[in-house]
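Residue numbers (our numbering): 43 to 330.
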Ligand SMILES: NC(=O)c1ccc[n+]([C@@H]2O[C@H](COP(=O)([O-])OP(=O)(O)OC[C@H]3O[C@@H](n4cnc5c(N)ncnc54)[C@H](OP(=O)(O)O)[C@@H]3O)[C@@H](O)[C@H]2O)c1
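If you want it as structure tokens, here you go:
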């Protein structure tokens, strides 16, 4: 049995789906009863509701599982406490594998949510657990909520420089890699970069223009306007402060890794942006 935390989020759903497709028994941990209901409706029977900041909840979730696929909440002020609870609970319950879904380049202090996570990585390395750390790049799928608006306006807009290089990875590839890693003890004690091919917003817009058969232009969204919008739709102060540092960093450096390790884990080339865009366009056309 594999426990997946934050199982109802974007990442969690993809990992749970891939594990189930591989016939692996899954327990899901979610925070809210709404997420519990949604997962149960989709056929997952073993769902635990709990908060990662509460040790007793975490201990209940990990008790009786063989492995934990630890997805942490995104941009969370309790990053270290959540991580400590997972590690302590895994040790206490005798869990035999811990796989941490981390982020690319946690060594970067200028990115607070990456830097906080490198402390969790250290604690995992010091835990004596059989661990694997996956340092995962930004997902291609992050643009999907704005896909319809992009098609309508002809503008692909993000709050960073249109020529900043980003190693965007297909979340389907990430989930496939996670299944391989969990099934193979050869990944124990390793930290692996799970990143996709490097691409800029300008290059994405050119590919999207071809795929959609209409001109799509890359545009940098004004950061203050982006943050105002984020506040209006309920982003918390910690998330807003983190984003206020993240986008200027992206302007200057992008966020680039290498897709070599992912290709090696998958045994094939990682999905490129054009393939992702063609799939996304077909799914959007079917849904609209
Ligand atoms: N997005 C990317 O491009 C990307 C790339 C690489 C790595 N990652 C990493 O992937 C992880 C997940 O990101 P995501 O975008 O999939 O997140 P997401 O869609 O926002 O989902 C997060 C989930 O976390 C749960 N959650 C939040 N706080 C919790 C708590 N205290 N205790 C238990 N559950 C809690 C929520 O559960 P409820 O729904 O029940 O409230 C929510 O469903 C993050 O650590 C992020 O750094 C993301």
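Cβ atoms here follow ideal geometry from the backbone N, Cα and C, with glycine treated the same way.
Decide if residue i is buried, meaning its Cβ has at least 16 other Cβ atoms within 10 Å, or exposed.
i: residue 166; result: buried
i: residue 226; result: exposed
i: residue 183; result: buried
i: residue 74; result: exposed
i: residue 76; result: exposed
i: residue 125; result: buried
i: residue 127; result: buried
i: residue 239; result: buried
i: residue 43; result: exposed
i: residue 144; result: buried
i: residue 306; result: exposed
i: residue 209; result: buried
i: residue 198; result: buried
i: residue 294; result: exposed
Do residue j and residue i have their beta-carbon atoms positioned less than 9 Å apart in this structure?
i: residue 94; j: residue 140; result: no
i: residue 301; j: residue 211; result: yes
i: residue 178; j: residue 221; result: no
i: residue 174; j: residue 230; result: yes
i: residue 132; j: residue 104; result: yes
i: residue 319; j: residue 249; result: yes
i: residue 206; j: residue 292; result: yes
i: residue 81; j: residue 72; result: yes
i: residue 45; j: residue 107; result: yes
i: residue 98; j: residue 162; result: no
i: residue 147; j: residue 297; result: yes
i: residue 304; j: residue 215; result: yes
i: residue 109; j: residue 176; result: no
List the residues that DSSP assigns as beta-bridge partners of residue i.
i: residue 70; result: 46, 89
i: residue 144; result: 177
i: residue 209; result: 240
i: residue 200; result: 262
i: residue 273; result: Answer by DSSP bridge pairing: none, since residue 273 is not bridged.
i: residue 139; result: 109
Going by DSSP, what residue range makes up the beta strand (DSSP E) through residue i?
i: residue 249; result: Note, residue 249: premise wrong, no beta strand (DSSP E); alpha helix (DSSP H) at 243 to 254.
i: residue 195; result: Unbroken run through residue 195 is the alpha helix (DSSP H), 189 to 195; no beta strand (DSSP E).
i: residue 233; result: 232 to 236
i: residue 291; result: Premise fails: residue 291 lies in the alpha helix (DSSP H), 279 to 295, not in any beta strand (DSSP E).
i: residue 110; result: 109 to 113
Give the range of the alpha helix (DSSP H) segment to which residue i is assigned.
i: residue 166; result: 154 to 167
i: residue 216; result: 213 to 225
i: residue 77; result: 75 to 83
i: residue 323; result: 315 to 329
i: residue 121; result: 121 to 135
i: residue 308; result: 302 to 308
i: residue 54; result: 52 to 63
i: residue 97; result: 97 to 104
Determine, using beta carbons only, whether residue i comes closer than 9 Å to chain B.
i: residue 136; result: The question asks about chain B, but that chain is absent: this structure has only one protein chain.
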